Amino acid sequence: MKYIFVTGGVVSSLGKGLAASALGTLLELRGLRVIMQKFDPYLNIDPGTMNPYEHGEVYVLDDGAETDLDLGHYERFTHTNLSRLNNLTSGQVYMSVLEKERAGAYEGRTVQVIPHVTNEIKDRIREVAKNMPGDIIITEIGGTVGDIEGLPFLEAIRQFAIEAGQGNVLFIHATLVPYIKAAQELKTKPTQQSLAKLREIGIAPQIILCRTEHPLDLDVREKISLFGNVPIEDVIEVRDVKHSIYEVPLKLHEQRFDDRVCKVLHIESPQPDLSKWRHFVQRIIHPTHHVRIGVVGKYIELQDAYKSIYESLTHAGAASDCKVDIVKVDAEAIEKGGPDLYLNGLQGILIPGGFGDRGTEGKIAAAGYARQHGIPFFGICLGMQIAVIEFARNVCGLAQASSTEFDKGTPHPVISMMEEQKKIRHLGGTMRLGNWVTRLVPGSKAHALYQSDTIEERHRHRYEVNEDYKDTLESRGMIISGVSAKGDLAEMVELPAHPYFVACQFHPEFLSKPNHPHPLFHGFVQAAMKHRIVPEPHC
Ligand code: GLN
Numbered sequence: 011m012k013y014i015f016v017t018g019g020v021v022s023s024l025g026k027g028l029a030a031s032a033l034g035t036l037l038e039l040r041g042l043r044v045i046m047q048k049f050d051p052y053l054n055i056d057p058g059t060m061n062p063y064e065h066g067e068v069y070v071l072d073d074g075a076e077t078d079l080d081l082g083h084y085e086r087f088t089h090t091n092l093s094r095l096n097n098l099t100s101g102q103v104y105m106s107v108l109e110k111e112r113a114g115a116y117e118g119r120t121v122q123v124i125p126h127v128t129n130e131i132k133d134r135i136r137e138v139a140k141n142m143p144g145d146i147i148i149t150e151i152g153g154t155v156g157d158i159e160g161l162p163f164l165e166a167i168r169q170f171a172i173e174a175g176q177g178n179v180l181f182i183h184a185t186l187v188p189y190i191k192a193a194q195e196l197k198t199k200p201t202q203q204s205l206a207k208l209r210e211i212g213i214a215p216q217i218i219l220c221r222t223e224h225p226l227d228l229d230v231r232e233k234i235s236l237f238g239n240v241p242i243e244d245v246i247e248v249r250d251v252k253h254s255i256y257e258v259p260l261k262l263h264e265q266r267f268d269d270r271v272c273k274v275l276h277i278e279s280p281q282p283d284l285s286k287w288r289h290f291v292q293r294i295i296h297p298t299h300h301v302r303i304g305v306v307g308k309y310i311e312l313q314d315a316y317k318s319i320y321e322s323l324t325h326a327g328a329a330s331d332c333k334v335d336i337v338k339v340d341a342e343a344i345e346k347g348g349p350d351l352y353l354n355g356l357q358g359i360l361i362p363g364g365f366g367d368r369g370t371e372g373k374i375a376a377a378g379y380a381r382q383h384g385i386p387f388f389g390i391c392l393g394m395q396i397a398v399i400e401f402a403r404n405v406c407g408l409a410q411a412s413s414t415e416f417d418k419g420t421p422h423p424v425i426s427m428m429e430e431q432k433k434i435r436h437l438g439g440t441m442r443l444g445n446w447v448t449r450l451v452p453g454s455k456a457h458a459l460y461q462s463d464t465i466e467e468r469h470r471h472r473y474e475v476n477e478d479y480k481d482t483l484e485s486r487g488m489i490i491s492g493v494s495a496k497g498d499l500a501e502m503v504e505l506p507a508h509p510y511f512v513a514c515q516f517h518p519e520f521l522s523k524p525n526h527p528h529p530l531f532h533g534f535v536q537a538a539m540k541h542r543i544v545p546e547p548h549c
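Quick note: the sequence shown uses this note's numbering, first residue 11, plus one each step.
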């Protein structure tokens with residue numbers, strides 16, 4: 011097993027996760043089995059309890075682990091099979107150390123950051139190496155070099171490198187090379203300082219990834235090579251991509267990044283075949299068709315809050331040679347201005363997952379607008395619950411229908427908490443999480459799209475469609491097209507009389523990949539492409 015550690019310097023949000031994922035793509039295409047993992051230095055056990063403003067999207071894995079959104083990149087860029095083993099936080103490390111301490115496992119010794127915390131981190135790397143088949147583990151260390159909280163992780167990987175032996179470990183440092191407009195110059199000082207900081211800890215990176223808005227000219231590369239103590243070929247430019255994040259592997263390969271990585275790690279492997287990847291990128295850059303799809307949410311100003319949804323729309327679009335122009339619509343704005351003002355002219359409306367009652371009335375109005383105007387609609391998790399509430403209110407005549415999540419005293423709780431959820435007191439990791447089997451109803455759109463009787467999809471929610479209302483909904487034309495394995499929970503609903511009105515209780519956005527769009531996104535984008543906007547008549 012070979013080990014690559016990716017650290018970041020100067021600022022956060024450098025695109026370190028993306029660069030690590032792109033490296034994963036290149037190494038996989040060279041025939042290597044890649045495992046990816048992320049270390050996060052915060053004290054939360056997982057990001058599941060953080061709100062999207064703090065952390066962006068919470069990415070859910072098959073086994074129900076709630077993880078950092080970088081794991082979404084890993085799954086989209088590689089075929090690495092991720093589980094809760096692949097995202098380690100300081101919170102988990104300390105929890106485990108403290109549990110051992112209480113159990114007397116340290117036999118009377120003083121429990122310290124070095125060696126006990128660092129051992130715990132190294133043990134995790136070994137556990138992943140032992141349990142997952144692979145040739146290389148790429149580990150991304152979250153945060154920025156210089157953060158106090160990141161120190162135990164850096165110390166652990168320094169020790170690990172010595173134990174794993176020369177030629178088996180590669181350190182890659184990703185930094186920012188800022189451009190000072192007034193001087194019209196790229197500046198290398200922050201990079202030099204962050205490299206110095208790493209060396210202070212005892213880590214000397216062999217490859218430096220330089221995030222930059224402008225091309226790195228020879229001068230700049232020479233300077234970074236000199237101060238960074240690496241050959242000039244190992245100073246790699248990661249320039250902002252023009253069109254799509256999926257260009258990153260191609261840009262890195264042009265600079266022979268994957269060759270350099272293999273050289274340091276003494277790996278013999280053929281050149282990657284990038285033809286399919288290139289084809290996919292070409293379709294994103296030069297699409298034949300365009301479609302306008304609105305995403306109605308409450309975190310729309312945050313790029314990262316619905317990351318996997320946006321990526322899934324891109325994948326589905328590329329498969330149909332179509333660029334999806336995403337229109338981000340604030341659900342609260344709809345509450346004030348009415349749906350027509352924001353949704354008129356859209357070819358598709360998607361309501362993603364969410365929590366709490368803010369903006370829900372705007373989302374309900376959006377679902378109603380899509381239903382009444384025959385606009386393709388896709389509801390995901392909360393989006394499905396919203397569609398059910400809207401239908402109950404406006405078609406089934408239950409004017410005060412709601413979810414007990416937003417209205418505890420509603421006379422018509424069409425969405426309510428699952429019985430087993432009611433007993434739970436802790437917030438962290440206690441939702442209905444991860445993979446669950448859904449049985450699809452033959453003849454439904456869902457069945458036609460998946461072309462399968464059963465599917466497995468990832469979940470993250472506490473509330474469900476209330477069984478007591480299923481007959482009412484079905485009698486008025488909303489079918490339950492997917493049910494849980496036992497048959498008791500509604501997993502999907504749809505309106506057969508509508509061009510495309512499909513909603514699911516699970517999160518299909520976590521299973522979409524560049525050349526494998528998810529069937530529900532694919533069906534939705536295709537329906538949106540068919541939806542013609544009728545121009546308003548001129549007076
Ligand atoms: N808040 C809803 C629930 O807990 C929906 C969750 C979601 O959209 N992920 O059931």
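From the three backbone atoms N, C-alpha and C, an ideal C-beta is built for every residue, glycine too. The model shown is predicted, which means the values in this text are computed figures rather than measured ones.
Taking C-beta separations shorter than 8 Å and ignoring five residues to either side along the sequence, the partners of F531 in its chain run S322, L323, H325, A326, F388, P518, E519, S522, following chain order.
Taking all protein chains in view, the Cβ of K317 is crowded by 16 or more other Cβ atoms within 10 Å, so the residue is classified as buried. Judged by DSSP in its simplified three-state form, L353 adopts helix. With a contact defined as Cβ atoms closer than 8 Å, G27 and D80 qualify at about 3 Å. As summarised for the stretch 77-163, the continuous alpha helix (DSSP H) elements at least 4 residues long and confined to that stretch are 80-87, 100-112, 128-141, given in chain order.
Between the alpha carbons of P452 and F401 lies a gap of roughly 23 Å.
Runs of the alpha helix (DSSP H) lying entirely within the stretch 379-408, each at least 4 residues long, are 392-404 in chain order. Between the stretch 431-442 and the stretch 452-468 there are fewer than three C-beta pairs closer than 8 Å, too few to call the two in contact. At least one heavy atom of the ligand GLN lies closer than 8 Å to the C-beta of F365.
In this structure, P57 has its CB at a distance of at least 8 Å from all heavy atoms of the ligand GLN. Its chain contains G66, E67, L79 as the residues whose beta carbon lies nearer than 7 Å to that of D314, once the 5 sequence neighbours on both sides are disregarded; these appear in chain order.
When secondary structure is reduced to three states using DSSP, E165 falls in the helix class. Around the beta carbon of V121, a 10 Å sphere encloses fewer than 16 other beta carbons of the protein chains shown; the residue is thus reported as exposed. The beta carbons of M46 and I135 sit no closer together than 9 Å. Using a cutoff of 8 Å, the CB of P423 does not count as near the ligand GLN, since none of the ligand's heavy atoms is closer than that.
Judged by pairs of C-beta atoms under 8 Å, the stretch 56-76 touches the stretch 458-471, as three or more such pairs exist.
Runs of alpha helix (DSSP H) with 4 or more residues, each lying fully within the stretch 465-525, are found at 480-485, listed in chain order. The residue among E429, G369, A538, F267 with its C-alpha nearest the C-alpha of H300 is A538. A straight line joining the alpha-carbon of N476 with that of S494 spans about 13 Å. Short note on E264: C-beta not closer than 8 Å to any heavy atom of the ligand GLN. In this structure, the C-beta of M502 stays at least 8 Å away from each heavy atom of the ligand GLN.
The beta carbon of A214 sits closer than 8 Å to those of F181, L208, N239, all from its chain and outside the five residues before and after it, given in chain order.
The closest CA to that of R449, considering only C514, V405, S412, D268, is found on C514. C-alpha of T420 to C-alpha of Q431: approximately 19 Å in a straight line. Apart from the 5 residues on each side of it in sequence, Y116 sits with its Cβ closer than 8 Å to the Cβ of K110, H126 in its chain, given in chain order. Excluding five sequence positions before and after N404, the CB atoms of its chain that fall closer than 7 Å to its own CB belong to G378, given in chain order. In the structure shown, P62 falls within a helical segment according to DSSP collapsed to helix, strand and coil. Judged by beta-carbon spacing, A328 lies beyond the 9 Å limit of R302, meaning their Cβ atoms are not closer than that value. E264: member of the alpha helix (DSSP H) spanning 258-264, first to last residue.
Going by DSSP, I361 is part of the beta strand (DSSP E) stretching over 358-361. Placement of the Cβ of H65 at a distance of 8 Å or more from every heavy atom of the ligand GLN is found. Per DSSP, F15 lies in no alpha helix (DSSP H); the unbroken beta strand (DSSP E) holding it starts and ends at 12-18.
Membership of D340 in any alpha helix (DSSP H) is not indicated; the residue belongs instead to the beta strand (DSSP E) covering 332-340. Taken through DSSP and simplified to helix, strand or coil, G307 comes out as strand. In this structure, R470 has its CB closer than 8 Å to one or more heavy atoms of the ligand GLN.
Ranking H508, G438, Q461, V424 by CA distance to the CA of T482 puts V424 first.
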